[in-house]
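Here the structure is laid out as structure tokens; the discussion comes afterwards.
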Amino acid sequence: MKSIQYVGEHLWIHYTGHFLVCLAFFSALFAVTAFILNRNQFSESWKKVLRWLFLIHIICIFSIIGLIFFMMGQHYYAYNYVWAHVSDELPNRYILSAFWEGQEGSFLLWMFWNCILGLFFFNFKSRFDHSILSIILAVNVILTSMLLGIYIGESRIGSSPFALLRHIMDIPLFNNAEYTQLIKGNGLNPLLQNYWMIIHPPTLFLGFASTIIPFAYALSGIMQKDFSNWLKPVLPWALFSGFILGTGILMGGAWAYEALSFGGYWAWDPVENMSLVPWIVLVAGIHTNLVAKSTGFSVGATMSLYFLSFILVVYSSFLTRSGILGDSSAHAFTQMGLEWQLVIFCVIVSIIPLAYFISRYKLIPQKENEEQFHSREFWMFIGSLVLLFSALLISFTTSIPVYNKILDQFGKLLNISMESWHRSPPLEPIKHHNQYQLWIGVLVAVLSSVSIYLRYLGDRSLKLGKSFLIRISLCLVIACILSWISLYSFDKLHWSHLILLGAAWFAICSSALYLIHSIRFNPMQSALVCSHGGFGILLLGILFTGINKRIISTNEFAQRDLLENWSEDDISKHLTLIKNEKMFMNGYWVNYSSDTFINKSRIYELDFWKEDSLNNKIEQFKLHPEVQYDNKLTKVAAANPSTKHYLNRDVFSLIAQIPQTQTDVEAAKQAEDSLKYELYFCKLKDTIYTKNHFIILDSILNDFSAKDFEFKSGDQKLQFQLKIKNLEDKESKIASPGILFRQNLVYKFPFQLDAYRVRIQIPDTVYDLVNPRWEDIKFEKLSLKKGQQATIGDGKYLKLNTISRDIDPEIYVPKEDEIAVAAEIEFHDGMKQVLLKPIYLIKGNQIVSMPVSAIHPGITLRFSKINPQTEEMGFEYSIHPNLNTMKLPLMIAENAARNDFIVIQVIEFPWINLVWFGSILMLSGMLLASYTKRKNKRDAL
């Protein structure tokens, strides 16, 4: 069988990309192998080899990324990765989002940051640098294997971003050598077409990648049996990792709040949870690191926590990418056959540090005496255990699908069903997690507030002990007063929330007092105050926002007849708005004034205002929530909220429901099919009586405009202006259905009067009524010169404006052996005029006259002759019957569903800025501490 020579595949990318992936894999593998074989005596020559192999690896990774961006920018849809994530309509700014939308791109983003981080250890200034670089390369060996896309037997290793679409699919399309001209990209998920998705993933992945540094330091220390010298250099890196990973998580919360529809910034989604858990463990490790560096206690705990933080990052990747969370998370990737590679990844990063830790546990230095009860290190260690407990609680619930999967695998081995042993995830995950994490927040706030006034090793005199009690007592008194004042901000407060409120104020007061009592400015003390005080402010924001969150889109009395088949709970949370009819809700008036379709989004304009006792508007603002359609415009893909920001609150709005005909193509078709049209005929100024209305044909127009529709030269347009009255209503309304004829195509422009539930359209049979059949047409002849006009009846005339060989390509494109001339003629019937452009075509020895017609005023015209001597042009014309005297058809349905409404949800979040400010302050403390530690290290050198 003859092989097909495909056109436009750009195969050099396929082969170059695959070569670069293999080279990146083997260069990293050889570097790691060299380190393992020579780790005890790693000479300068081997260090040089390691550097060169790392440079080759990093060049390959950067080149792979560059090649994928090139493919995406050029829209090479022959490649599966480009076809799956890019489309012609995708704005260039979202190419970045498209790159890391897929698993291959996110793996490359992870490797990119690993390479950047590896450069900081490239010069081997420290005894740990070569082992850290080797550990980073070892991780990249596993990550690169995810991109190999090769088969060993029937098992596939990795998924190549350079795989051709025809290697993935087996469809008849690929029998066409030029199939690349026939395919279009699927495009980026509409939810990811948001500016947060440009900056959030790279930040989060830098945070994930950075956890390898504390992991590598701890592993290097235990491998080299050096349990103390790594504690100081690792701390700035751990603080940086805590800052950047926390920032990535915070950005995710901001994206969820601004772009997603659940109405909040944190929903305890499994993927969200497993990005938070490594950060919590890392923060616990930072605190034990401080203890170990200052006192020698908790060295083993620090190692364990740094190991665990990276292990949890890898485990998080497994949960997200394996498809195991597909039913329980909105953020998880779909399954793509890499599950066992991800499992092996988890096993490797868990077994190696565990084996070293167990085998050398006895070598880890242990203090003879236990920590003193009144020492800082004791309470910091307790705090770290609390954080670890928090992480384990979250992980346990999030991992329920994993337990069930493991049970099923055992069931297959034993040939029994294990469904009775399955655990079910909590039905209300937010409530489930909050009831446990609330007490974690209380303990962390109290422990962090008390421990900052203690000293390491319990070195305190009685005088200092008295000072400690005075300061703690002062903080408690102020916190109690502030908590009592804050109670007036809550309608009701559960006793557990009251304890959390007191703990939050205690943390804030403790940090503020600590800063005030610092005699001189100390960056490390400022970092401590920022982080601990920021955590207290964050807890305040969570309380004020979570408990005082108020749904203001409620007017139950007005909504009961508008929201059909809705539960009482839903009715109490949503508001139906009729276009241009204002509605009152919880202190606000709101009006749905307009909606506009732009690109793939329908954007709604909502006007909000408050009124005083004299009905004067005292507060006004506009919100623009939107619904976003999928890339093929077939159905609604997402609802994007719009928020009005104030200093002390946010007003959050969301479209909860739109008319059925606007949700998807199938629903629109079903709604159209359900309409019961009846056919009526009427003359101009006649009245039609239907079951519920009477309708007057007021005027007939030959031109009209339509929103979001492009008209072309030669279009024949017809529009009826109708006056409609309900039999029970004195006021009449206007309806303007239209129809357009373009060559062999018909475009209908129905008019729907939502207030009367009436839909009117002009049937396409009107064309046959107003345009006589060719065999029935009797032409009359006429000669005109340029600029001349001729009367052809009572008040009717034709005028020849110009003759041109410049033919509108929308009408006709002459071939090379053809000569075409177009005339521009005005036709007036005494009331209306129309412009006609008949064409005179010479094809060799043949003359072809291409007629044109107009509906209203009605005429058919042919350009039949050119006399070069007299410069006269010959035409043939036929006048159609006058539409104003004809009975014209109308299709009327009186069971149309309303299209002029939306259902909204509006939520007021009081003091939500405390959440953002507290989080930023807490993370800023980590960044400041990281900078200070690094600066102190440089100064020491």
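Here the sequence shown is numbered in my numbering, starting from 2 and rising by one per residue. A virtual CB, placed ideally from N, CA and C, is assigned to each residue, including glycine.
Fully enclosed alpha helix (DSSP H) runs of no fewer than 4 residues occupy 300-322 and 340-360 of the segment 300-377, in order along the chain. Nearest in C-alpha terms to Q717, of all of V835, H76 and K645, is V835.
For the 7 Å CB-CB criterion, A219 and W114 do not form a contact. W917 is the residue among W917, V350 and T933 whose C-alpha sits nearest the C-alpha of G265.
Residue environment analysis places W84 among the buried positions, since at least 16 neighbouring C-beta atoms fall within 10 angstroms of its C-beta. For F469, same chain residues with a beta-carbon under 6 Å away, outside a window of 5 residues either side, are Y454 in chain order. By the Cβ criterion, the segment 882-891 is not in contact with the segment 866-873, since fewer than three pairs of Cβ atoms, one from each stretch, lie closer than 8 Å. Judged by DSSP in its simplified three-state form, K731 adopts coil rather than helix or strand. If you look at P890, you'll find it in the beta strand (DSSP E) that goes L889 to A894. Every beta strand (DSSP E) of 3 residues or more that sits fully in the segment 754-781 is shown, in chain order, as 759-762. Beta-bridge analysis with DSSP links F750 to G739. Distance between P751 and F780, taken at the CA atoms: about 34 Å. Residue pairing by DSSP puts I908 in a beta bridge opposite I552 and F653. Only exposed fits W496, as fewer than 16 other CB atoms lie within 10 angstroms of its CB. When DSSP states are grouped into helix, strand and coil, D409 belongs to the helix group. The DSSP-derived three-state label of G875 is strand.
Annotation for Q438: S391, L394 and I395 place their beta carbon closer than 8 Å to its own, counting only its chain and skipping 5 residues before and after. In this structure, DSSP gives Q717 an extended state, which the three-state scheme calls strand. Assigned with DSSP and collapsed to three states, V22 falls in helix. In this structure, Y78 lies near G186, with their beta-carbon atoms less than 7 Å apart. Here A356 is exposed. Its C-beta has fewer than 16 other C-beta atoms within 10 Å. Counting only the Cα atoms, L364 lies some 58 Å from S643. If you compare the alpha carbons of M584, L193, Y515 and A446 with that of E612, the shortest gap goes to M584.
Shown here, E827 sits in a strand according to DSSP, grouped into three states. Ranked by how close their Cα comes to the Cα of S850, the residues H19, H857, K692 and E819 have E819 in first place. A check of alpha carbon separations from L428 across V478, L483 and A268 identifies A268 as the nearest. Judged by beta-carbon spacing, K724 lies within the 7 Å limit of D699, meaning their Cβ atoms are closer than that value. W111 has its alpha-carbon roughly 19 Å from the corresponding atom of L54. Using a Cβ-Cβ distance cut-off of 8 Å, the segment 574-588 and the segment 632-646 are not in contact, since fewer than three pairs of beta carbons, one from each stretch, lie closer than that value. Excluding its 5 nearest sequence neighbours in each direction, L862 has C-beta neighbours in its own chain below 7 Å: I826, L837, P839, P852, V853, F876 and Y878, listed in chain order. For the pair of segments examined, the segment 341-349 was found to touch the segment 138-154: the number of CB pairs separated by less than 8 Å reaches three.
Here T212 is buried: its Cβ has 16 or more other Cβ atoms, across all protein chains shown, within 10 Å. Cβ neighbours of Y605 within its own chain (closer than 7 Å, five residues either side excluded): Y593, D596, H625, P626, E627, I656 and I903. Inter-segment contact for the segment 922-929 and the segment 523-542 is present: three or more beta-carbon pairs are separated by less than 8 Å. Non-local beta-carbon contacts of H423 in its own chain, meaning distances under 6 Å to residues more than five positions away in sequence, involve N405 in chain order.
Annotation: the continuous beta strand (DSSP E) that includes N641 extends over V637 to N641.
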